[in-house]
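**Student:**
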Amino acid sequence: MREQTSKPSIAIAHDKKVYIAITAATDMDNYREYVEENRAHWDELAEHHPDTDSYDVESFLQGESSLRRLEREELDATGRRLLHLQCHFGLDTLSWVRNEGVAHATGVDFAPTAIETARDLRDQIDLSPDQTRFIESDIYELPENLDDTFEIVFTSYGTIYWLPDLTRWAEVIATHLESGGTFYIADGHPLAEPFHHESTAENLQAAYPYFNTDPTTEEFDGSYAGWDFGLENKRSHGFSHPLGEIVTALADTGLRIEFIHEHPWSFFQRFDVMESDEDNRWWLPDLEYDLPFTFSLKAQKPA
1 MREQTSKPSI
11 AIAHDKKVYI
21 AITAATDMDN
31 YREYVEENRA
41 HWDELAEHHP
51 DTDSYDVESF
61 LQGESSLRRL
71 EREELDATGR
81 RLLHLQCHFG
91 LDTLSWVRNE
101 GVAHATGVDF
111 APTAIETARD
121 LRDQIDLSPD
131 QTRFIESDIY
141 ELPENLDDTF
151 EIVFTSYGTI
161 YWLPDLTRWA
171 EVIATHLESG
181 GTFYIADGHP
191 LAEPFHHEST
201 AENLQAAYPY
211 FNTDPTTEEF
221 DGSYAGWDFG
231 LENKRSHGFS
241 HPLGEIVTAL
251 ADTGLRIEFI
261 HEHPWSFFQR
271 FDVMESDEDN
281 RWWLPDLEYD
291 LPFTFSLKAQ
301 KPA
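Below you can see the structure in the form of structure tokens.
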């Protein structure tokens with residue numbers, strides 16, 4: 001870890017949200033503070049997200065899958081045992097079992113309210129703890145809280161941004177993956193992360209560098225699911241990871257990369273002018289040349 005350095009903070013106010021970009025080295029002395037503030041932030045979000053149109057819990061309870069077409073097409077999980085990292089309040093975890101035929105899924109999240117909500121939803125759709133289990137744990141502490149290995153480790157959409165150390169993240173994945181097992185991730189493409197939310201096809205504005213090594217501390221009254229929750233725990237800390245860092249972290253554990261796919265749509269409304277299609281994919285209109293806004297990666301642990 002690098003020694004902590006001090007740099008000026010930058011505050012940028014917008015009509016929808018307020019960013020406070022605080023640049024400071026990601027040493028482990030700061031890590032616990034980052035985790036606890038992120039946990040408080042996401043725990044409060046877990047109180048609001050189930051009531052939003054973005055998550056559409058009502059449709060889920062009526063039988064619809066929360067999973068996107070991308071992961072359903074790229075990952076065959078039928079009859080297999082799956083570990084879902086950073087599962088939030090469990091819609092995708094439960095959908096893998098109920099809608100996609102996964103034999104067992106374990107969902108992990110560090111926010112207690114999210115885990116409590118996931119267990120309640122499991123009961124509402126009549127799945128048993130043998131079919132779906134939810135564990136409250138920081139991802140880096142998971143090997144201390146879970147002994148099992150799985151045929152699939154899965155994570156998706158807005159997860160690694162919250163992790164300061166991808167080397168340790170990849171080690172946790174390899175630890176809980178059976179020999180011959182599959183790891184799969186779909187998430188925002190790192191190339192799209194630096195762009196300002198007011199960007200357009202004609203004017204792509206970078207808010208910070210692609211190779212940003214400092215945490216970004218932000219304060220929000222809400223989230224992508226709604227900007228006006230009136231949160232008490234507004235502050236959160238995110239971490240940028242170039243695509244090469246993601247791939248290298250996984251490869252260094254011995255996982256074999258099967259594919260990396262890049263997609264010209266976003267899984268959320270990254271820019272204000274983006275428009276959605278029937279699959280809830282967000283596109284930047286009038287873009288002359290496609291840019292990647294989402295990536296998916298599949299890797300295998302050697303047998």
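Take the sequence shown: its letter number 198 is residue 198 in UniProt numbering, and every next letter is one higher.
Just so you know, even glycine gets a beta-carbon here, dropped at the ideal spot from N, CA and C.
Bear in mind the structure is a predicted one, so any value in this text is a computation, not a measurement.
(1) Can you tell me which of GLU44, ILE185, ARG32 puts its alpha carbon nearest to the alpha carbon of LYS234?
(2) Below 8 angstroms CB to CB, which residues in the same chain sit around SER276 once its five sequence neighbours on both sides are set aside?
(3) Can you list, in chain order, the residues of its chain whose CB lies under 7 angstroms from that of TYR251, leaving out five sequence neighbours each side?
(4) Just reading off the beta strand (DSSP E) that VAL153 is part of, what are its end residues?
(5) Shortest alpha-carbon distance to GLU64 belongs to which of SER296, ARG98, ARG39, LEU85?
(6) What number of angstroms, rounded off, separates the C-alpha of SER137 from the C-alpha of GLU245?
(7) So, helix, strand or coil for SER59, using DSSP?
(8) For ALA303, count neighbouring C-beta atoms within 10 Å of its own C-beta (all shown protein chains included) and say buried if the count is 16 or more, exposed if not.
(9) Are ALA174 and THR253 closer than 8 angstroms when you measure CB to CB?
(10) Where ALA201 and HIS189 are concerned, what is the direct C-alpha to C-alpha distance, given to the nearest angstrom?
(11) For GLU232, which three-state DSSP category applies?
(12) Does the region 125-137 come close enough to the region 157-170 to have 3 or more Cβ pairs within less than 8 angstroms?
(13) Spatial neighbours of TRP105 within its chain, please: CB distance less than 7 angstroms, with the 5 preceding and 5 following residues excluded, ordered by chain position.
(14) Using a Cβ-Cβ cutoff of less than 6 angstroms, which residues in the same chain neighbour LEU287 once the five nearest sequence positions on both sides are dropped?
(15) Could you pull out every residue in the same chain whose Cβ sits closer than 6 angstroms to the Cβ of GLU151, ignoring the five residues on either side in sequence?
(16) Classify ALA206 as buried or exposed, calling it buried when 16 or more other Cβ atoms lie within 10 Å of its own Cβ.
(17) By the 10 Å Cβ neighbour count, where 16 or more other Cβ atoms means buried, how is LEU61 classified, buried or exposed?
(18) At 3 residues or longer, what runs of the beta strand (DSSP E) sit wholly inside the region 209-291?
(19) Alpha carbon to alpha carbon, what distance is there between PHE239 and GLU218?
(20) Can you name, in chain order, every residue of its own chain whose Cβ lies under 7 angstroms from the Cβ of ALA103, other than the five neighbours on each side?
(21) Whose CA, out of THR294, HIS197, PHE295, PHE229, lies closest to the CA of MET274?
(22) For SER65, which three-state DSSP category applies?
(23) Does the distance from the C-beta atom of ILE139 to that of LEU146 stay below 8 angstroms?
(24) Mind pulling the alpha helix (DSSP H) runs of 4 or more residues that sit fully within the region 78-112?
(25) Roughly how many whole angstroms lie between the Cα atoms of SER59 and SER223?
(26) Per DSSP, what are the beta-bridge partners of ALA303 in this structure?
(27) Give the straight-line distance between the Cα atoms of ARG72 and VAL247, rounded to the nearest whole angstrom.
**Tutor:** The relevant details are as follows:
(1) GLU44
(2) GLN269, TRP282, TRP283
(3) The residue asked about is misnamed: residue 251 is Ala in this sequence, not Tyr. Hits under 7 angstroms: ILE257.
(4) 150-156
(5) ARG98
(6) 24 angstroms
(7) Look at SER59 here: in three-state DSSP terms it is helix.
(8) exposed
(9) yes
(10) 17 angstroms
(11) coil
(12) no
(13) A small correction: the amino acid at residue 105 is Ala; Trp does not occupy that position in the sequence shown. Excluding positions up to five away in sequence, the list reads LEU82, HIS84, THR93, TRP96, VAL97, THR132.
(14) Closer than 6 angstroms at the Cβ level, and outside the excluded window around LEU287, lie ALA201.
(15) Closer than 6 angstroms at Cβ, skipping near neighbours: ARG80, ARG81, GLU178, GLY181.
(16) Burial call: exposed.
(17) exposed
(18) 216-219, 235-238, 256-263
(19) Distance between the alpha carbons of GLU218 and PHE239 is about 11 angstroms.
(20) GLY79, ARG80, ARG81
(21) HIS197
(22) It is coil, neither helix nor strand.
(23) no
(24) 91-98
(25) Using only the alpha carbons, I get a separation of about 21 angstroms.
(26) DSSP, once it has assigned bridges, lists no residue as partnering ALA303.
(27) 22 angstroms
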